[in-house]
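Novice:
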Amino acid sequence: MEADGYRLPAGAPSSPDQNSRPFHFIEGNETVPTISQLPLVTTPFAEDEVLISQNGSACSVSIGELLASTQPAIIVPTGALLGRSSVGAGSPESIDLGIGLLLSDGTIVATGADHAMFPTASTLMPDAGVVVSDGGTQMLMPATLLRGLFSGGDNVQIDANGVISAGGTGGGTTTGFSSSSIATLDRVSAVNAGDIVPISQYGTAVGVTYASFLNGLTIDQAPLGGAIADTDEIWIAQGSSTMASQKFAAVWTWIATSFCRYQQPMMEITTNTTLDYADHNGKILTVTAPGVVLTPNSPVMSNGFSCDVISTAGASVIWGNGIVATDNGTGIAGCAHARLFQVTSSTGTLVLASVAANSTSTTTAALPGPVGNLVLTSSTATTLSISWSAPTTGAASGSYVAQYRLAGADTWFTVSNTITTLLVTISGLSGGTSYDVRVAAITSGGVTGAFTVLSGISTATAATVAPGMPSGLNVSGVASTSVSLGWIAPSSGGTPTSYNIQASTDGGVTWSVAATVGAVTSGTVSGLAPGTIYLFRIAAANAAGTSAYSPTSSYPAATTASANQTPGLPTNISFSLTSSTGMTIQWSAPSGSVTGYNIQYRVQNGPAWTEVTSAATTLTVTGLLPSTTYEFQIQAVNGAATGAYTASATNATTASSTSLYKLTPAPTRQSPSLGWVGMTITMANGQPQSGYNVSDNSTAADGAYPVPASVGFAWSASNTIVPAITNYGTNGLSLDGHALWYTWAVAFPPSAGSYYLWAIAKDSNGNIAGSCVSPTPFQLQ
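Take 107 as the starting number for the sequence shown in the numbering used here and just add one per residue.
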């Protein structure tokens, strides 16, 4: 509707109503209404018009035409965009793309983030669908079609269930195996024992080492063969690792032609020798000294033992007990030959000396006659003195040989074969024991005459002779009411059964009995007064009497500590290894009153100490680690005060858990049946009169212990503190399934006394890992 040249705005009501405000058309100076005076439209439409200025003229245009001229219309056939209602062309709105979509530069792309919400499949089932892209088109594919991408190569097959296995007929073969693929493999020039060879075992493909492949048939699985014939064949390798076969007939031919090239090994013998398999079997024993005694050791010679014995000019051989000679002689003279055999049969064991027909035995040579007047001149608990007169018939005597044995025993022991006087003293014997003794003359040419035997003579019992005087009395520890003493057993007389200790507080004017102890070499005198000076003396006793007391010049003095005196530092700390998880520590008591000790230990340089206590001066610590070094410190305590700790002392490393050695005393000459039993031994030239043996039990039925790298021997006044040993040896012999270690020269201590015999085993790293000590002390004099 128009009025006076004005057109109503499009969409305005043609006539006023109760919901609209009236328009006022004003001519002349009347004003146009403002926007705030216009009626409000809540929903615009595309055909609604708005005022615009176009080229300076006021015009109207619809909203749809206005928006269409400024941006393209969003056209959706259904009137919905991504599930939302559209407001129509020209009306953009924000949208949420959701998980897994991204709007990038106007392009919506998938990110796959929504896959994380999918459930996880534990197995891929044949009927499962797999999303694939085929030429840019996504589609769903059954999982079973994946098998079509694979095919079996040579010797590989894939069954209907997708199982891949060996044994296919790849390569077009009909045998189930193709060599074409093997031909293409790299070649090797040598095969190692650990290389793997494929085989089929019960239808399953497995691998086996080359060594096991070749040893598939072990000797205990093979069938038993018949009697050996010349046509039998054995495997050999000639000049290379390639195996060939050889008939037994060819082996015998080779042996026959090789005998002429074999040289029998030789060993020179200059001293009395006990024969064994390891050292003497199959050898020529050349004896170069007169009067050498060869004694068989049947248990270690074994059945079938043989050796040749040749004596050079000026030498001679004496057959030891157990050897029977074919010429009934007692040996062979110089420049003679015999062959020794040992055979065992149903009648027993025989050691035979087959004396060569052109050899001169000691029965047919210019023999000296037997010695006369063989008598016992004196005896003690450990010695027998024997004398005799020179032979009155036969060749002149240049020297004598003397031997002894336990009465009625089989084995003789040689005292000496170079005696030039008409008497000898046999030492190192057991008290109250019966012995046999024999003596024979030897010519200057080395020919030995017949033995004269003196049977059933006995050493004196220890109780028939009073002991000698003890020596070396010393103070080893002082407390407020007690003093510890040590001493050396008598070097003469009978064996003590007890010791009497006396004390004096007036400088030796008067004495009182302080203590009586048994057959030991240390003791403690108790019940003394604190802060008092004491002198001490000692005497040895047995059933035969009491020795004199030690002389005034050897009285040791000691001042007992005050009751509240702080104890000093323990001294002489030492260690002995007992196992891979424990060790024993020993020390000497300090000055001052002592009621006990605190001992701390830890791994060397470790962060924390472990503390234990002991009332004695020795302690065995257990629960340690194998192959580990520990350090210790010790403090003495009493009821009133506590002493300081000693400086940390580091001991040897504990043994490895797999390298413990078990040592057991083996028989010795002094005690053939009992092993290391304490006895009285007379020292001579700083060396004992015989050797000592120890068995390491390496392969015996009492346990498969490892074999030590070395074993050494030593004397010690203590049976708990490991002594220093320098004579370690690596020579072991075989004895009844054991390895036997021995020594012929255990140096005596510098003075006579009561000592224990030790054997110490070491491993290849020099660590002490086993020990053995005699159960009772020896009396060295």
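Think of the CB as a built atom: it goes at the ideal place given N, C-alpha and C, for glycine as much as any other residue.
Measuring straight from C-alpha to C-alpha, what distance separates A556 and M575?
Specialist: Start at 1 with the first residue of the sequence shown, and residue 556 comes out as number 450. Start at 1 with the first residue of the sequence shown, and residue 575 comes out as number 469. Distance between the alpha carbons of A556 and M575: 44 Å.
Novice: Does the beta-carbon distance from E737 to S720 come in below 9 Å?
Specialist: Counting from one through the sequence shown, the residue named residue 737 turns up at place 631. Counting from one through the sequence shown, the residue named residue 720 turns up at place 614. No, Cβ-Cβ distance for E737 and S720 is not below 9 Å.
Novice: Nearest-angstrom Cα distance between S604 and S824?
Specialist: Indexing the sequence shown from 1 puts residue 604 at position 498. Indexing the sequence shown from 1 puts residue 824 at position 718. Rounded to whole angstroms, S604 to S824 spans 18 Å at the Cα level.
Novice: If the criterion is Cβ atoms closer than 9 Å, does the pair P673 and Q887 meet it?
Specialist: Translated into the one-based positions of the sequence shown, residue 673 becomes position 567. Translated into the one-based positions of the sequence shown, residue 887 becomes position 781. Against a cut-off of 9 Å, the Cβ pair of Q887 and P673 comes out as no contact.
Novice: Where do the ends of the alpha helix (DSSP H) carrying P856 lie?
Specialist: One-based indexing of the sequence shown puts residue 856 at position 750. Counting along the chain, P856 falls outside any alpha helix (DSSP H), and DSSP gives it neither H nor E.
Novice: With a CB to CB cut of under 6 Å and the five nearest residues on each side skipped, what residues in its chain are close to V430?
Specialist: Here residue 430 corresponds to residue number 324 of the sequence shown, with the count starting at 1. Once the five neighbours on either side are set aside, the close Cβ partners of V430 are L458.
Novice: Return helix, strand or coil for R293, following the three-state DSSP convention.
Specialist: As a working mapping, residue 293 is identified with position 187 in the sequence shown. The answer is coil: DSSP assigns R293 none of H, G, I, E or B.
Novice: Rank G562, S536, I563 and L528 by C-alpha distance to the C-alpha of A546 and give the top, closest one.
Specialist: Counting from 1 along the sequence shown, the entry for residue 546 is found at position 440. Minimum Cα distance to A546 is reached at L528.
Novice: Can you tell me where the beta strand (DSSP E) holding S644 begins and where it ends?
Specialist: Mapped onto the sequence shown, residue 644 falls at position 538. It is Ile, not Ser, that sits at residue 644 in the sequence shown. I639 to N648 is the extent of the beta strand (DSSP E) around I644.
Novice: Output the boundary residues of the beta strand (DSSP E) element that contains S505.
Specialist: In the sequence shown, counting from the first residue as 1, residue 505 sits at position 399. That run of the beta strand (DSSP E) goes S505 to L512.
Novice: Counting only the same chain and skipping the five closest in sequence on each side, list residues whose C-beta sits under 6 Å from that of V926.
Specialist: Residue 926 lies beyond the residue range present for the chain, which begins at 107 and ends at 887; the question has no answer from this structure.
Novice: List the whole-angstrom C-beta distance separating T48 from S485, where the pair is believed to meet the contact cut-off of C-beta under 8 Å.
Specialist: Missing from the structure shown is residue 48; the chain here goes from 107 to 887 and no further.
Novice: Tell me where the beta strand (DSSP E) around S210 begins and ends.
Specialist: On the sequence shown, residue 210 is found 104 positions in, with the first residue counted as 1. Unbroken beta strand (DSSP E) run through S210: L207 to S210.
Novice: For V530, which beta-bridge partners are listed by DSSP?
Specialist: Sequence index remark: in the sequence shown, residue 530 carries index 424 (1-based). Under DSSP, V530 shares a beta bridge with I492.
Novice: Can you name the residues that DSSP bridges to M575?
Specialist: Taking the first residue of the sequence shown as 1, we reach residue 575 at position 469. By DSSP's assignment, M575 forms no beta bridge with any residue.
Novice: Does DSSP classify P883 as helix, strand or coil?
Specialist: For the purposes of this step, residue 883 is taken as the residue at position 777 of the sequence shown. Three-state DSSP puts P883 in coil, outside helix and strand.
Novice: Which of the three DSSP states is assigned to S754 in this structure?
Specialist: On the sequence shown, residue 754 is found 648 positions in, with the first residue counted as 1. S754: coil per DSSP, three-state reduction.
Novice: Quick check: the Cα distance between G562 and Y861, rounded to an integer number of angstroms?
Specialist: Residue numbering aside, residue 562 sits at position 456 when the sequence shown is read from its first letter. Residue numbering aside, residue 861 sits at position 755 when the sequence shown is read from its first letter. So the two alpha carbons sit approximately 30 Å from each other.
Novice: Residues in the same chain with beta-carbon distance under 6 Å from A355, minus the five sequence neighbours each way, listed in chain order, please.
Specialist: Start at 1 with the first residue of the sequence shown, and residue 355 comes out as number 249. Closer than 6 Å at Cβ, skipping near neighbours: D336.
Novice: Enumerated in chain order, which unbroken segments of the beta strand (DSSP E) with a length of 3 residues or greater are wholly contained in the segment 380–435?
Specialist: 390–393, 398–402, 412–417, 423–425 and 429–431
Novice: According to DSSP, is L731 part of a helix, a strand, or is it coil?
Specialist: Taking the sequence shown and counting its residues from 1, the one referred to as residue 731 is at position 625. DSSP places L731 in coil when its eight states are reduced to three.
Novice: Exposed or buried, which one is F411 when buried takes at least 16 other CB atoms within 10 Å?
Specialist: Here residue 411 refers to the residue found at position 305 when the sequence shown is read from its first residue. F411 comes out buried.
Novice: Is Y58 buried or exposed, if buried means 16 or more other CB atoms sit within 10 Å of its CB?
Specialist: For the chain, the structure presents residues 107 to 887; residue 58 sits outside this window and is missing.
Novice: Closest to A593 by C-alpha separation, out of V237, F447, P662 and V312, would be which residue?
Specialist: Position 487 of the sequence shown, counted from the start, is the residue given in the question as residue 593. According to the sequence as given, residue 593 is Trp; it is not Ala. Comparing Cα positions, the closest option is P662.
Novice: Nearest-angstrom Cα distance between P402 and V553?
Specialist: Along the sequence shown, one-based indexing puts residue 402 at 296. Along the sequence shown, one-based indexing puts residue 553 at 447. So the alpha carbons of these two residues sit roughly 21 Å apart.
Novice: Have a look at the DSSP bridge pairing and note the partners of C165.
Specialist: Counting from 1 along the sequence shown, the entry for residue 165 is found at position 59. Paired residues: I158.
Novice: Mind checking who S564 pairs with in its DSSP beta bridge?
Specialist: What you label residue 564 is simply residue 458 of the sequence shown in a count that begins at 1. Beta bridge pairing from DSSP links S564 with S540.
Novice: Report the three-state DSSP secondary structure of D338 (helix, strand or coil).
Specialist: Position 232 of the sequence shown, counting from 1, holds the residue named residue 338. DSSP places D338 outside both helix and strand once states are collapsed to three, so it counts as coil.
Novice: Just verifying my parser: in three-state terms, what is the DSSP assignment at D612?
Specialist: Reading the sequence shown from its first residue, position 506 is the one you call residue 612. If DSSP states are grouped into helix, strand and coil, D612 belongs with coil.
Novice: Is A249 near D265, with beta carbons less than 9 Å apart?
Specialist: Within the sequence shown, residue 249 is the residue found at index 143, counting from 1. Within the sequence shown, residue 265 is the residue found at index 159, counting from 1. No; because the gap between Cβ atoms is not below 9 Å, this pair is not in contact.
Novice: Going by DSSP, what residues sit across from A621 in a beta bridge?
Specialist: Indexing the sequence shown from 1 puts residue 621 at position 515. In DSSP, A621 forms a bridge with I607.
Novice: Give the range of the beta strand (DSSP E) segment to which S720 is assigned.
Specialist: Start at 1 with the first residue of the sequence shown, and residue 720 comes out as number 614. Note, S720: beta strand (DSSP E), T716 to S720.
Novice: Which stretch, first to last residue, makes up the alpha helix (DSSP H) that contains W360?
Specialist: As a working mapping, residue 360 is identified with position 254 in the sequence shown. F354 to S364 is the extent of the alpha helix (DSSP H) around W360.
Novice: Below 9 Å between beta carbons: does that hold for T483 and G537?
Specialist: For the purposes of this step, residue 483 is taken as the residue at position 377 of the sequence shown. For the purposes of this step, residue 537 is taken as the residue at position 431 of the sequence shown. Going by C-beta atoms, T483 is not nearer than 9 Å to G537.
Novice: For A421, which residues in the same chain have their Cβ closer than 6 Å to its Cβ, ignoring the five residues on either side in sequence?
Specialist: Position 315 of the sequence shown, counting from 1, holds the residue named residue 421. Cβ neighbours of A421 beyond the five flanking positions: V393, T394, A395, P396, G440 and G552.
Novice: Quick one: what's got a C-beta closer than 8 Å to T418's C-beta in the same chain, skipping five residues either side?
Specialist: Taking the first residue of the sequence shown as position 1, residue 418 is located at position 312. Correct list, in chain order: T392, V393, T394, G440 and C441.
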